[in-house]
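Everything in the sequence shown is counted per our numbering, starting at 41 for the first residue and increasing by one.
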Amino acid sequence: MSFSKTSRNIRLQGDNILVAQCERADGESFADSTLNLDTCLGNIDGSFKWGEKDYSLTARDVSLEGTVLSGDLERASGGSYKHSSVNLDDCIENHDGQLRCKA
Numbered sequence: 041m042s043f044s045k046t047s048r049n050i051r052l053q054g055d056n057i058l059v060a061q062c063e064r065a066d067g068e069s070f071a072d073s074t075l076n077l078d079t080c081l082g083n084i085d086g087s088f089k090w091g092e093k094d095y096s097l098t099a100r101d102v103s104l105e106g107t108v109l110s111g112d113l114e115r116a117s118g119g120s121y122k123h124s125s126v127n128l129d130d131c132i133e134n135h136d137g138q139l140r141c142k143a
């Protein structure tokens, strides 16, 4: 299930920290949670790539609208940037109140 269905106040802190209040397994309480997106999202030639790391080192103008992360990512050749976006619901989950990358 997508993390956004069980989370509220979803936002981005800086260029790479996802912050949300996530529903716990009891279905009644919420926990504050953060996830460093650099641990599971990288930049491959100007495109976001799940399973890679440290996209924020080569990104600029990063923003979050709903669950869609967007930014300009540096191309492998260096110097030029490509606009890219990714839906965080694709690979982020809420596990008992904690955000985490899906394995």
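For every residue, glycine included, the Cβ atom is placed at its ideal position computed from N, Cα and C. Computed from a predicted structure; not experimentally measured.
Assign Gly-137 to one of two classes, buried (16 or more other C-beta atoms within 10 Å of its C-beta) or exposed (fewer than that). buried
Just mark Glu-105 as buried or exposed, buried being the case when its beta carbon has 16 or more other beta carbons within 10 Å. exposed
One or two residues paired with Arg-100 in a DSSP bridge: Asp-112
Own chain residues within Cβ distance below 6 angstroms of Lys-89, not counting five before or after: Gly-82
Measure the alpha-carbon distance for Lys-142 versus Gln-61 and round it to whole angstroms. 18 angstroms
Just how far apart, CA to CA, sit Glu-63 and Ser-47? 6 angstroms
To which residues of the same chain is Arg-51 closer than 6 angstroms at the C-beta, ignoring the five residues directly before and after it? Val-59
Where does the unbroken beta strand (DSSP E) through Lys-89 begin, and where does it stop? 87-90
What are the uninterrupted segments assigned as beta strand (DSSP E) that are 3 or more residues long and contained completely in the region 45-79, given in chain order? 47-53, 57-63 and 70-76
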